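Enquirer: Let me begin by handing over the structure; questions about it come next.
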Amino acid sequence: MIRTTLTAALALGPIGVPAMASENSGVCSQDPVVMVVDGVTNDREQMAIYGQALKESGLHQHAGSYYLNDPRPLRILEGNRDQNHVTLLINFPSECAAIDFWSSPIYRQKIKPLRNNAGDYTIELYRLLSRANHG
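See the structure below:
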């Protein structure tokens with residue numbers, strides 16, 4: 000089955016420089032990915048409603064995905080961040096699973112609209128490196 004890719008999906012190029020994934024190929028990978036949600040939350044109450052609806056939908060369970068971190072930093076070691084800035088990492092078993100999650104009618108039509116105007120986020124996919132690449 001042909002699936003579309005996220006425009007913001009990033010892949011690690013052959014020389015270690017981030018490059019856009021094959022966004023025009025219409026094909027996704029079975030390799031594991033991490034979805035990174037990064038940005039500023041403007042309305043915490045609305046995001047709580049969104050989060051509860053997402054949890055109740057079972058979409059993450061169906062996709063085999065799970066959260067890797069608390070979205071608020073434990074400690075900032077360098078630089079400054081707005082107190083409402085969040086970074087959330089979500090593990091997906093494959094790029095295809097992430098794309099299916101993102102493009103599912105339940106998510107697109109019922110859940111995603113719940114976060115309209117509640118924050119300004121960038122959402123990207125990153126390929127995981129194998130242990131062999133840690134050289």
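Counting in numbering that gives the first Met the number 0, the sequence shown runs from 0 upward without gaps. Backbone N, C-alpha and C define an ideal beta-carbon position, used for all residues, glycine too. On a predicted model such as this, the values are computed, not experimentally measured, just so you know.
#1: For the segment 113 to 121 against the segment 57 to 70, are there 3 or more C-beta pairs whose distance is under 8 Å?
#2: Output needed for L127: all residues of its chain with C-beta closer than 8 Å, excluding positions within five of it in sequence on either side, in chain order.
#3: On the premise that Y120 lies in contact with V36, defined as a C-beta separation below 8 Å, what is that separation, rounded to the nearest angstrom?
#4: Should S103 and L58 be called a contact, given that it needs their Cβ atoms to be closer than 8 Å?
#5: Once DSSP output is grouped into helix, strand and coil, what is the label at G50?
#6: Residue range of the beta strand (DSSP E) that D37 falls in?
#7: Reducing DSSP to helix, strand and coil, say where R74 ends up.
#8: Does V85 pass the burial test, meaning 16 or more other C-beta atoms within 10 Å, or should it be called exposed?
#9: Taking the C-alpha atoms as reference points, what is the distance between P72 and F91?
#10: I'd like the list of long-range same chain contacts for Q82, defined as Cβ closer than 6 Å, with 5 residues on each side in sequence excluded.
Expert: On the basis of the supplied data:
#1: These segments do not touch.
#2: D30, P31, V32, V33
#3: 5 Å
#4: yes
#5: helix
#6: 32 to 40
#7: coil
#8: Around the beta carbon of V85, a 10 Å sphere encloses 16 or more other beta carbons of the protein chains shown; the residue is thus reported as buried.
#9: Here the alpha carbons of F91 and P72 stand approximately 22 Å from one another.
#10: Apart from the 5 residues on each side of it in sequence, Q82 has no Cβ closer than 6 Å to any other Cβ in its chain.
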